[in-house]
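Engineer:
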Amino acid sequence: MQEYETALMEITHYSDQDVLDRVKRFHTLSHFTSLVETAGRTYVSAVPAEKLLQFENKEIHFRPGFSPDHHIESEVSVFPARKPSGLYFSDGDIVAFQQVATLLHNAFSPAESAAVRRPYPSAGAQYPLEIFLCRLSDSFTGWPAGANVYHYLPVSRALESAGEADIGSLYKALSGGDPARLGNPHFALVYFMVFEKALFKYRYRGYRMALMEAGAMYQSACMVSDRLGLENRVWSAFTDSYVSKMLNVDIRTATPLIIQFFGKAHD
Numbered sequence: 001m002q003e004y005e006t007a008l009m010e011i012t013h014y015s016d017q018d019v020l021d022r023v024k025r026f027h028t029l030s031h032f033t034s035l036v037e038t039a040g041r042t043y044v045s046a047v048p049a050e051k052l053l054q055f056e057n058k059e060i061h062f063r064p065g066f067s068p069d070h071h072i073e074s075e076v077s078v079f080p081a082r083k084p085s086g087l088y089f090s091d092g093d094i095v096a097f098q099q100v101a102t103l104l105h106n107a108f109s110p111a112e113s114a115a116v117r118r119p120y121p122s123a124g125a126q127y128p129l130e131i132f133l134c135r136l137s138d139s140f141t142g143w144p145a146g147a148n149v150y151h152y153l154p155v156s157r158a159l160e161s162a163g164e165a166d167i168g169s170l171y172k173a174l175s176g177g178d179p180a181r182l183g184n185p186h187f188a189l190v191y192f193m194v195f196e197k198a199l200f201k202y203r204y205r206g207y208r209m210a211l212m213e214a215g216a217m218y219q220s221a222c223m224v225s226d227r228l229g230l231e232n233r234v235w236s237a238f239t240d241s242y243v244s245k246m247l248n249v250d251i252r253t254a255t256p257l258i259i260q261f262f263g264k265a266h267d
């Protein structure tokens, strides 16, 4: 085994099978089928599209009818405003792989290999999420030869080959069967949760914390990509089993939680 590697069978020794089965059954309720062939028969939301705007960017008041007690202002803007999500990508420009490496390193890796802390928090420093890097365009320079899907090892700062997939089929899987909705991004990150690693220490509570960790991870990637001049879009309209199969990941062991696309915005 490598210096920073842990074996799943070691974690299994401390896993509660009943907790594992219950969480897997519950999580399966969130699975979704998104294919062009079934687009007219599957829906994420039951709310009519024309009604959704009235709920966007609104607040919930716990004392409705009462005015707020205090208004606050900030004299300093600590961070620049987050850039809007990339609504439609174009791969007309060439992207250097070094930008991808810079994104991965700064968004997910500790400052030093021996450090426990990564750029985002994780309950008990367990880090139960794994990142898969997928190339979706030929408009690259310096992409590592041998594969277009890699598993990123954030402590080792290394890429583990996960295979060479047909780009068209890969993009179709990640986009939920309809790539036209996104344009042509350069690459994507797929965030997988390893069930046993999420649950063996904190049990049911670990599932909750793993989901929150996924949000912290893609926010970290969002902030770094803004600095690098790359647009990004977080995406959940995919078929879980289709994505897992395409990336050669056993969905009984690890499940895709969210996908994040990166590239240049369409002019």
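Quick note on UniProt numbering: the sequence shown kicks off at 1 and runs consecutively.
By construction, the Cβ of each residue, glycine as well, lies at the ideal position given by its N, Cα and C atoms.
1. Taking 8 Å as the threshold (C-beta atoms), are F108 and I131 in contact?
2. Could you work out which residue in I259, T239, N232 and M246 is closest to K83 when comparing CA atoms only?
3. Residues in the same chain with beta-carbon distance under 8 Å from V224, minus the five sequence neighbours each way, listed in chain order, please.
4. Just the Cα atoms here: how many angstroms apart are F262 and G65?
5. Which parts of the region 83-165 are runs of the alpha helix (DSSP H), unbroken and 4 residues or longer, counting only runs that do not cross its ends?
6. Note down, in chain order, each residue of its chain lying with its Cβ closer than 7 Å to the Cβ of G163, except the 5 sequence neighbours on either side.
7. What residue does the beta strand (DSSP E) around G263 start on, and which one ends it?
8. With a threshold of 16 other CB atoms inside 10 Å of the CB of A7, please say whether the residue is buried or exposed.
9. Between the region 160-179 and the region 109-121, do three or more beta carbon pairs fall short of 8 Å?
10. Check the DSSP bridge columns for Y191 and list the partner residues they point to.
11. When the Cα atoms are used, what is the spatial distance from S161 to R252?
12. Within the same chain, show all residues whose beta-carbon is closer than 6 Å to that of A265, passing over the 5 residues directly before and after it, in chain order.
13. Run through the region 49-88 for me and flag every whole alpha helix (DSSP H) of 4 or more residues, listed as ranges in chain order.
14. Should V76 and L199 be called a contact, given that it needs their Cβ atoms to be closer than 8 Å?
15. Let's test the definition: count the other Cβ atoms within 10 Å of the Cβ of E213 and tell me whether it reaches 16, buried, or not, exposed.
16. Do the CB positions of T255 and M217 come within less than 8 Å of each other?
17. H151: buried (16+ other C-beta within 10 angstroms of its C-beta) or exposed?
18. Starting from the C-beta of R157, find all residues in its chain whose C-beta is less than 7 Å away, skip the five residues before and the five after it, and write them out in chain order.
Structural biologist: Answer, in terms of the structure:
1. Contact: yes.
2. Ranking I259, T239, N232 and M246 by Cα distance to K83 puts N232 first.
3. Within the same chain, Cβ atoms closer than 8 Å to the Cβ of V224 are found at T102, L103, N106 and A107, the five residues on either side in sequence being excluded.
4. Going by the C-alpha atoms only, they are around 43 Å apart.
5. If you keep only unbroken alpha helix (DSSP H) runs of at least 4 residues inside the region 83-165, you get 97-108.
6. Exclusion of the five residues before and after G163 leaves A147, V149 and N248 as the residues of its chain whose Cβ lies within less than 7 Å of its Cβ.
7. Its beta strand (DSSP E) spans residues A254 to A265.
8. Result: exposed.
9. At 8 Å Cβ cutoff, the stretches do not touch.
10. Beta-bridge analysis with DSSP links Y191 to I131 and I258.
11. Spanning the two alpha carbons is a distance of roughly 21 Å.
12. Excluding residues up to 5 positions away in sequence, G86 and E231 lie with their Cβ nearer than 6 Å to the Cβ of A265 in the same chain.
13. Segments of the alpha helix (DSSP H) lying fully in the region 49-88: 49-52.
14. V76 places its beta carbon 8 Å or farther from that of L199.
15. Only buried fits E213, as 16 or more other CB atoms lie within 10 angstroms of its CB.
16. Annotated as distal: T255 and M217, with beta-carbon spacing of 8 Å or more.
17. Under this definition H151 is a buried residue.
18. By the criterion of a C-beta distance shorter than 7 Å, R157 is surrounded in its chain by H105 and S109, once the five residues flanking it on both sides are discounted.
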